[in-house]
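**Student:** Here you go, one structure.
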Amino acid sequence: MEAQDRLRRWAEEAGHLISESEWLPLKLVSAATAEHEVRYRQSDHRAVKRTWPGTFGFVPGTRDGRWVPVPATPQEYLLRQALQNELFGDDIRLEGVMVSDGPSMIIGQPSGGISLVVSQRWVEAANSARPHPDENQITTIMQAMGFTRLFSALFGWWHEENSLVILDAKPDNFILTPSGILPIDLLIAEAPPDA
Amino acid sequence: MKTKTKFPHPEIIAARKALANRPQQPLEKVLEQARASEEWRRKTGSAGGLKRPGT
């Protein structure tokens, strides 16, 4: 909770605390993912994503020698977004922090859990009725970037030269645009030297 | 010493540039795409091994 308290204080002091009254008017586009509630902001054509209260998504971690998604700290979540920008030319921005009045999503934690809010440009699909590439198309682009499949991890990829691991690289985390495939929300981490 | 790959990949850069030059989609197209993604997840039962907290 210490990291959350620090984050809350920073948001208050820096004027980056986002209120429900600012959040709710945005158009809800998804509340069905494991990590975020996603809304669309028409004024600047961006997807705005709020982590579930008291949680900060997932990052790749190791359990019994295998790469698996593990709950992220705020720092790990933000590093993951920075890696998405660096590796895939995305423009993810930290919008701010929200404080929930409701119960925490984590059993045993007090109410008032905080969420991180990030945004990224909305990525238009070539066909809005069929927005995602198939797994063969994903394999082609991941291999072109130098990744090899991690067979021990679900939708996992490994980049030997840069010691990067990516999980959750399933079709709905990519958009098939008229000019190629773009990843929008992957679990990315740099592997420690002993991984 | 290992040579590190430079990112982003040229194909990704090209796709981003093309995206930046496209006019903004109307809201109904955005919502249609969002509904299609939700439908894809519903049909495939896809959570990628992830489970929403509290469920």
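Note that the protein sequences, when read in sequence, are chains A and B.
Under this note's numbering, the first residue of the first sequence carries the number 3, and numbering increases by one thereafter.
Under this note's numbering, the first residue of the second sequence carries the number 1226, and numbering increases by one thereafter.
Backbone N, C-alpha and C define an ideal beta-carbon position, used for all residues, glycine too.
Answer yes or no: does any C-beta atom of chain A fall closer than 8 Å to that of B/Lys1254?
**Tutor:** Cβ-Cβ to chain A under 8 Å: yes for B/Lys1254.
**Student:** Contact defined as beta carbons within less than 8 Å: I believe A/Thr75 pairs with A/Ala5. What is the distance between those atoms, to the nearest angstrom?
**Tutor:** Going by Cβ atoms, the distance from A/Thr75 to A/Ala5 rounds to 6 Å, so yes, they are a contact pair.
**Student:** Hey, A/Ser117 and A/Met100: beta-carbon distance below 8 Å or not?
**Tutor:** Cβ distance < 8 Å, so A/Ser117 and A/Met100 count as in contact.
**Student:** Could you check whether B/Ala1239 and A/Pro180 sit closer than 8 Å to each other, using their CB atoms as the reference points?
**Tutor:** Result no, Cβ atoms of A/Pro180 and B/Ala1239 do not sit closer than 8 Å.
**Student:** Could you tell me how far apart the beta carbons of A/Pro55 and A/Gly115 are, in whole angstroms, since I believe they sit closer than 8 Å?
**Tutor:** Contact holds; Cβ gap of about 4 Å.
**Student:** Tell me which residues share the same chain as A/Trp124 and place their Cβ nearer than 7 Å to its Cβ, disregarding the 5 neighbours each side in the sequence.
**Tutor:** Closer than 7 Å at Cβ, skipping near neighbours: Tyr42, His47, Arg48 and Ala49.
**Student:** Within the 8 Å Cβ cut-off, does A/Val125 reach chain B?
**Tutor:** For A/Val125, the answer is yes, since a Cβ of chain B falls inside 8 Å of its Cβ.
**Student:** What did DSSP end up calling A/Trp69 once you bin it into helix, strand or coil?
**Tutor:** The answer is strand: DSSP assigns A/Trp69 an E or B state.
**Student:** Helix, strand or coil for B/Gly1273 per DSSP?
**Tutor:** At B/Gly1273, the pLDDT of 47 sits below 50, so the modelled position is not reliable; the number obtained from the coordinates is stated separately. Three-state DSSP puts B/Gly1273 in coil, outside helix and strand.
**Student:** Which residue or residues does DSSP assign as beta-bridge partners of A/Ala49?
**Tutor:** A/Ala49 is bridged to A/Tyr42 and A/Gln122.
**Student:** I need the DSSP call for A/Phe90, collapsed to helix, strand or coil.
**Tutor:** In this structure, A/Phe90 counts as helix in the three-state DSSP scheme.
**Student:** At what residues does the beta strand (DSSP E) containing B/Arg1241 begin and finish?
**Tutor:** Run containing B/Arg1241: none in the beta strand (DSSP E); it sits in the alpha helix (DSSP H), Pro1235 to Ala1245.
**Student:** Quick check on DSSP: helix, strand or coil for A/Thr141?
**Tutor:** Three-state result, A/Thr141: helix.
**Student:** Is there contact here, the region 26-44 of chain A with the region 6-13 of chain A, by at least three beta-carbon pairs under 8 Å?
**Tutor:** Judged by Cβ distances under 8 Å, the region 26-44 of chain A makes no contact with the region 6-13 of chain A, as fewer than three pairs qualify.
**Student:** Which residues of chain B have a Cβ atom closer than 8 Å to the Cβ of A/Glu163, listed in chain order?
**Tutor:** Near A/Glu163 (Cβ distances below 8 Å), the residues of chain B are Lys1227, Thr1228, Lys1229 and Thr1230.
**Student:** Using only the alpha-carbon positions, how far apart do A/Trp159 and A/Leu188 sit?
**Tutor:** Looking at the two C-alpha atoms, the distance is approximately 11 Å.
**Student:** Along chain B, which residues have their Cβ under 8 Å away from the Cβ of A/Ser102?
**Tutor:** Simply none; closest approach about 12 Å.
**Student:** Identify the continuous alpha helix (DSSP H) that holds A/Glu14 and give its terminal residues.
**Tutor:** Element bounds for A/Glu14: Glu4 to Ala16.
**Student:** Excluding the 5 residues preceding and the 5 following A/Gln83 in the sequence, name in chain order all residues of the same chain whose CB lies nearer than 7 Å to its CB.
**Tutor:** Here the set comprises Ile94 and Val120.
**Student:** For a cutoff of 8 Å on Cβ pairs, would you count A/Leu1 as touching chain B?
**Tutor:** For residue 1 of chain A there is no data in the structure shown, the boundaries of chain A being 3 and 197.
**Student:** Taking the CB atoms as reference points, tell me whether A/His134 and B/Trp1265 lie closer together than 8 Å.
**Tutor:** In this structure, B/Trp1265 lies closer than 8 Å to A/His134 by Cβ.
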